[in-house]
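Participant:
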Amino acid sequence: MLRGFTNTLNSSQLQAGETQLRVENIQLNFGGVAALMDINLAVRQSEILAIIGPNGAGKTSLLNCISGLYRPQRGRILFYNDKEHEVTRLKPHQIARLGIARSFQNIELFRHMSVLDNLLAGAHIHMRSNLFSSLIYWGTAQREHIRFRRFVEDIIDLLEIESIRNNTVGSLSYGLQKRVEMGRALAMQPSILLLDEPMAGMNSEEKEDMARFILDINEEHGVTIVLIEHDMGVVMDISDRIVVLNFGQKIGEGTPDEVRNNPLVVKAYLGEEKSPFKFGQSNNNNHGKE
Ligand SMILES: Nc1ncnc2c1ncn2[C@@H]1O[C@H](COP(=O)(O)OP(=O)(O)OP(=O)(O)O)[C@@H](O)[C@H]1O
Ligand SMILES: [Mg+2]
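Using this note's numbering, the letters of the sequence shown map in sequence onto residues 1078 to 1367.
1. Can you list, in chain order, every residue whose CB sits closer than 6 Å to a heavy atom of ligand 1?
2. Once DSSP output is grouped into helix, strand and coil, what is the label at N1295?
3. Within the same chain, show all residues whose beta-carbon is closer than 6 Å to that of N1087, passing over the 5 residues directly before and after it, in chain order.
4. Would you report the Cα separation of G1331 and A1127, rounded to the nearest angstrom?
5. Which runs of the alpha helix (DSSP H) fall wholly inside the segment 1270-1326 and span at least 4 residues, in chain order?
6. Taking the alpha-carbon positions, what's the H1170 to L1186 distance?
7. Measuring alpha carbon to alpha carbon, tell me which of N1158, N1132 and A1134 ends up nearest S1268.
8. Identify whether Q1171 lies in helix, strand or coil by the three-state DSSP scheme.
9. Does the segment 1095-1106 touch the segment 1148-1163, meaning 3 or more C-beta pairs lie closer than 8 Å?
10. So what's T1245 in DSSP terms, helix, strand or just coil?
11. CA-CA distance, H1189 and N1339?
12. Start and end of the alpha helix (DSSP H) containing G1252?
13. Three-state secondary structure (DSSP) at D1115?
14. Leaving out five residues on either side along the sequence, give the residues of the same chain with a beta carbon under 8 Å from the beta carbon of L1079.
15. Could you please give me the residues that DSSP links to V1110 through a beta bridge?
16. According to DSSP, is F1225 part of a helix, a strand, or is it coil?
17. In the DSSP assignment, what residue or residues form a beta bridge with L1155?
18. Alpha carbons only, please: which of S1316, M1259 and R1289 is nearest the one belonging to I1184?
19. Quick test of the definition: if touching needs 3 or more C-beta pairs under 8 Å, does the segment 1248-1257 touch the segment 1228-1235?
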């Protein structure tokens, strides 16, 4: 199953289908603007959950609450692994260390560093050895470093970025940068991978590749994926479940078919004049889940 991976890609201890993350009654305001209103949802181990909705619906804000960048005024967020962890008030690096990794809508990488160094920076959050312990336990630190290095090599293989491993990130195409950013999140050995528009700005071939990698990470390695994506063809193809936000509220939830046939959801999309969504169409790329 793990195709020679030296470390498991998925750090969760739950069984597929168990509740892994619970968002309870989240309320997030910016001044007078309510970005999220009483949002409830659960994420299950090893599913692909898509979060969709028109621009400004609150999708990124929700991911920001889960990863600790925004503090909601009300509600709580619970993460389950070895035990229940309330993450609502934790700092982003503490949440990442628990196993929730993410990519950003606007790529956040070290642009002047190589692909390899960006991935190693991701793996670094789990390194136990600091400078002091490295001096005393030199051998242990070395072994740990070698282990992470191998893990990062596995991710390079998985994402097929071998040929650009030494390139500076800033010199890469946008599509490749998105792929590297996902690699950096994977290097954190997450239980849940949060992806904010991983296919934005890509051509159809790059989207195909990205969809294939996401499915691979999910199906072969069991990593739970929470995906914000505007391409409805991709969303309908690869998601197990979909949550729909509109003006900060959850207006629908269910399987792709349930969501496609939900009148409230259809209305929200048809009401958007300059909608980039090709709602209800499938791109027939056949990269989907069955
Ligand atoms: N840091 C912030 N300060 C003030 N308002 C914010 C902030 N972040 C988000 N908002 C507001 O919250 C609302 C939701 O924004 P958010 O970025 O979550 O939407 P989105 O669904 O991700 O949209 P898009 O599809 O365009 O990325 C918007 O009205 C936005 O202006
Ligand atoms: Mg957004």
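Beta carbons are placed, not taken as given, at the ideal position from N, Cα and C, and that holds for glycine.
Facilitator: Reading off the structure:
1. F1107, V1110, A1112, G1130, N1132, G1133, A1134, G1135, K1136, T1137, S1138 and Q1182
2. Along the sequence shown, one-based indexing puts residue 1295 at 218. Correct three-state label for N1295: helix.
3. As a position in the sequence shown, residue 1087 is number 10, starting the count at 1. Once the five neighbours on either side are set aside, the close Cβ partners of N1087 are H1298, G1299 and V1300.
4. For the purposes of this step, residue 1331 is taken as the residue at position 254 of the sequence shown. For the purposes of this step, residue 1127 is taken as the residue at position 50 of the sequence shown. For G1331 and A1127, the distance between alpha carbons rounds to 10 Å.
5. 1281-1298 and 1309-1315
6. In the sequence shown, the residue the question calls residue 1170 occupies position 93. In the sequence shown, the residue the question calls residue 1186 occupies position 109. The alpha-carbon atoms of H1170 and L1186 are separated by roughly 16 Å.
7. Taking the sequence shown and counting its residues from 1, the one referred to as residue 1268 is at position 191. Nearest option by C-alpha distance: N1158.
8. Working through the sequence shown from its first residue, we reach residue 1171 at position 94. It is helical.
9. Because the criterion of three Cβ pairs below 8 Å is met, the segment 1148-1163 and the segment 1095-1106 touch.
10. Stepping through the sequence shown from its first residue, residue 1245 is reached at position 168. Strand, per DSSP.
11. If you number the sequence shown from 1, residue 1189 lands on position 112. If you number the sequence shown from 1, residue 1339 lands on position 262. So the alpha carbons of these two residues sit roughly 46 Å apart.
12. By one-based count along the sequence shown, residue 1252 stands at place 175. G1252 -> alpha helix (DSSP H) spans Y1251 to L1263.
13. Against the sequence shown, residue 1115 aligns to sequence position 38. Strand.
14. The count along the sequence shown starts at 1 and reaches residue 1079 at position 2. In this prediction, L1079 has a pLDDT of 40, which is less than 50 and means its spatial position is unreliable; what the coordinates show is noted afterwards. Within the same chain, L1079 has close Cβ partners T1085, L1086, E1297 and H1298.
15. Position 33 of the sequence shown, counted from the first residue, corresponds to residue 1110. Looking at the DSSP assignment, V1110 forms a beta bridge with F1107.
16. Along the sequence shown, read from residue 1 onward, the residue named residue 1225 stands at position 148. Reduced to three states, the DSSP call for F1225 is helix.
17. Residue 1155 sits at position 78 when you count from the first residue of the sequence shown. As computed with DSSP, L1155 is found in a beta bridge with R1099 and E1163.
18. Taking the first residue of the sequence shown as position 1, residue 1184 is located at position 107. For the residues S1316, M1259 and R1289, the minimum Cα distance to I1184 belongs to M1259.
19. no
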